[in-house]
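Same order as they appear, the protein sequences are chains A and B. Under the numbering used here, think of the first position of the first sequence as 1, with each following residue one higher. Under the numbering used here, think of the first position of the second sequence as 1001, with each following residue one higher.
There are 2 protein chains.
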Amino acid sequence: MSRQKSSEETARKLHSAALHLMRYVRAQDTALGVPPAQLSALSVVVFGGKQSLSDLAHAEQVRPPTMSRIVDALVRDGLVKREIDKRDRRSVVISATDKGVRIMHEGRSRREKRLLELLGGLTKDEIDVLDQASETISKSLAATVH
Amino acid sequence: MSRQKSSEETARKLHSAALHLMRYVRAQDTALGVPPAQLSALSVVVFGGKQSLSDLAHAEQVRPPTMSRIVDALVRDGLVKREIDKRDRRSVVISATDKGVRIMHEGRSRREKRLLELLGGLTKDEIDVLDQASETISKSLAATVH
DNA sequence: TGCTAATAGTTAGCTATGCTAACTATGCAG
DNA sequence: CTGCATAGTTAGCATAGCTAACTATTAGCA
């Protein structure tokens, strides 16, 4: 029987757990040799498909000039392609190259492997609790429009 | 009745939930006017007490030159004090000023308020699941030495 | 004791990443 | 066709990460 926890205490523990978990998985990314902002933008393009620079900037919560420069670096390193939209020549369409897709999949696999190592020492019940908690968080965040 | 989930799926969901949760709470920090690396270092000093620059760099997982510059900015803005250690004059001791403590407490309160808003829409059972999940993650991370 | 090695920080200089302001090019409304 | 709106880029600033090289201090030991 679990005693009643205060929401305040749960909020603090949740914050700490999420903070350290992200720090733990992000450590894997350095092996790819792609800096964090570029890697994050690349993941949006690889898993979300080709899109405009504005859309990409919005998805990553940065301003267009910041994303423009991140795309510069990704193009320079051959991870994405930048093309003018034929229907609106002001707009550019960013899409992943084969190399970009390959690197992103390697990155995802590394991060998942790292997380699976962590889950490896847990019981089925504990994993089920993590699964439910993840659902709850995602659902709450989706409901809180921002 | 929950069906059997694969660990792979849980790992992906957990990663996504933690990523978006951190993005959500971090958005509160901009109101403080203290950049992210400085705010994070300040929290270590405020909640962990006075310590050397090396200890601080280690806690934040950055190199000493990086932390030296972050401390420069915090000293410039009057949030921490930098003093020479009397017992080892090579070493410096970083401690929070009253202003640093005040700002950090305000930041923590903002983040917690934000998280509590999120937890506010949940049932007691759902919060209990989040509490257990947080415990499990923290325990696993502590057990995995790195 | 006095030389040598180790340790703690800083400085210099590079890259990356965030911003705003100001600009160019294109599209749209009338 | 004129004028405003929109998409992106350029320029310039601040922050934050790194390594290499430096200074100052301490510790080890022959």
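Quick reminder that beta carbons are idealized off the backbone N, C-alpha and C, glycines included.
key: Residue of A:A31, A:T10, A:S140 and A:K13 minimising C-alpha distance to M104 (chain A)   = Taking the first residue of the first sequence as 1, we reach residue 104 (chain A) at position 104. That would be A:A31, whose Cα lies nearest to the Cα of M104 (chain A).
task = With a 10 Å radius around its C-beta and 16 neighbouring C-beta atoms as the bar for buried, classify L116 (chain A) as buried or exposed.
result = Here residue 116 (chain A) refers to the residue found at position 116 of the first sequence. It is exposed - the Cβ of L116 (chain A) has fewer than 16 other Cβ atoms within 10 Å.
Where Q1061 (chain B) falls: helix, strand or coil (DSSP) = In the second sequence, the residue the question calls residue 1061 (chain B) occupies position 61. For Q1061 (chain B), the three-state secondary structure derived from DSSP is coil.
task = Taking only beta carbons into account, state which residues of the region 1052 to 1085 of chain B come closer than 9 Å to chain A, listed in chain order.
result = Within the region 1052 to 1085 of chain B, the qualifying residues are Q1061.
message = Since G121 (chain A) and S1140 (chain B) should fall inside the 8 Å C-beta cutoff, what is the C-beta to C-beta distance between them, to a whole number of angstroms?
response = Here the question's residue 121 (chain A) lines up with position 121 in the first sequence. Here the question's residue 1140 (chain B) lines up with position 140 in the second sequence. The beta-carbon separation of G121 (chain A) and S1140 (chain B), rounded to 6 Å, stays under the 8 Å limit for a contact.
request  = Could you tell me which residues DSSP pairs with V93 (chain A) in its beta bridges?
outcome  = Stepping through the first sequence from its first residue, residue 93 (chain A) is reached at position 93. BP columns for V93 (chain A) point to A:S52 and A:E83.
task = Kindly list the residues whose CB is nearer than 7 Å to the CB of A1073 (chain B), restricted to its own chain and excluding five residues on each side of it in sequence; keep chain order.
result = Here residue 1073 (chain B) refers to the residue found at position 73 when the second sequence is read from its first residue. Hits under 7 Å: Q1038.
inquiry  = Using a 10 Å radius around the Cβ and a threshold of 16 neighbouring Cβ atoms, would you call Q1132 (chain B) buried or exposed?
reply    = Translated into the one-based positions of the second sequence, residue 1132 (chain B) becomes position 132. Its Cβ being crowded by 16 or more others within 10 Å, Q1132 (chain B) is buried.
Positions along the region 1011 to 1025 of chain B whose CB lies within less than 8 Å of some CB in chain A = Residues of the region 1011 to 1025 of chain B with a Cβ closer than 8 Å to any Cβ of chain A, in chain order: A1011, R1012, K1013, L1014, H1015, S1016, A1017, A1018, L1019, H1020, L1021, M1022, R1023, Y1024 and V1025.
Host alpha helix (DSSP H) of V129 (chain A) (start-end) = Taking the first residue of the first sequence as 1, we reach residue 129 (chain A) at position 129. Its alpha helix (DSSP H) spans residues K124 to A143.
query = Quick one, which of B:L1014, B:S1006, B:E1008 and B:E1009 has its alpha-carbon nearest S138 (chain A)'s?
reply = For this step, residue 138 (chain A) is matched to residue 138 along the first sequence. Measuring from the Cα of S138 (chain A), the nearest candidate turns out to be B:L1014.
ask   = Within this structure, are the beta carbons of A17 (chain A) and S1134 (chain B) separated by less than 7 Å?
value = Working through the first sequence from its first residue, we reach residue 17 (chain A) at position 17. Working through the second sequence from its first residue, we reach residue 1134 (chain B) at position 134. Yes.
query = Alpha carbon to alpha carbon, what distance is there between P36 (chain A) and V1092 (chain B)?
reply = The count along the second sequence starts at 1 and reaches residue 1092 (chain B) at position 92. The count along the first sequence starts at 1 and reaches residue 36 (chain A) at position 36. Taking the straight line from one Cα to the other gives about 31 Å.
key: Any C-beta of chain A under 7 Å from that of V1044 (chain B)   = Here residue 1044 (chain B) refers to the residue found at position 44 when the second sequence is read from its first residue. It does not; no Cβ of chain A falls within 7 Å.
query = Nearest-angstrom Cα distance between E83 (chain A) and L1042 (chain B)?
reply = Taking the first sequence and counting its residues from 1, one reaches residue 83 (chain A) at position 83. Taking the second sequence and counting its residues from 1, one reaches residue 1042 (chain B) at position 42. E83 (chain A) and L1042 (chain B) have their C-alpha atoms roughly 44 Å apart.
key: Cross-chain neighbours of R111 (chain A) in chain B, by beta carbon under 7 Å   = Sequence index remark: in the first sequence, residue 111 (chain A) carries index 111 (1-based). Within 7 Å of the CB of R111 (chain A), the CB atoms of chain B belong to H1015, in sequence order along the chain.
inquiry  = Taking 6 Å as the limit between beta carbons, can you name the residues of its chain near S2 (chain A), skipping five residues before and five after?
reply    = The residue given as residue 2 (chain A) occupies position 2 in the first sequence. Residue confidence for S2 (chain A) is low, a pLDDT of 46 falling below 50, so the modelled location carries little weight; the figure read from the coordinates is stated next. Cβ contact annotation for S2 (chain A) (same chain, cutoff 6 Å, sequence separation greater than five): none.
ask   = Along chain B, in chain order, which residues have C-beta atoms closer than 7 Å to that of E126 (chain A)?
value = The count along the first sequence starts at 1 and reaches residue 126 (chain A) at position 126. Chain-order list of chain B residues neighbouring E126 (chain A): T1136, by C-beta distance under 7 Å.
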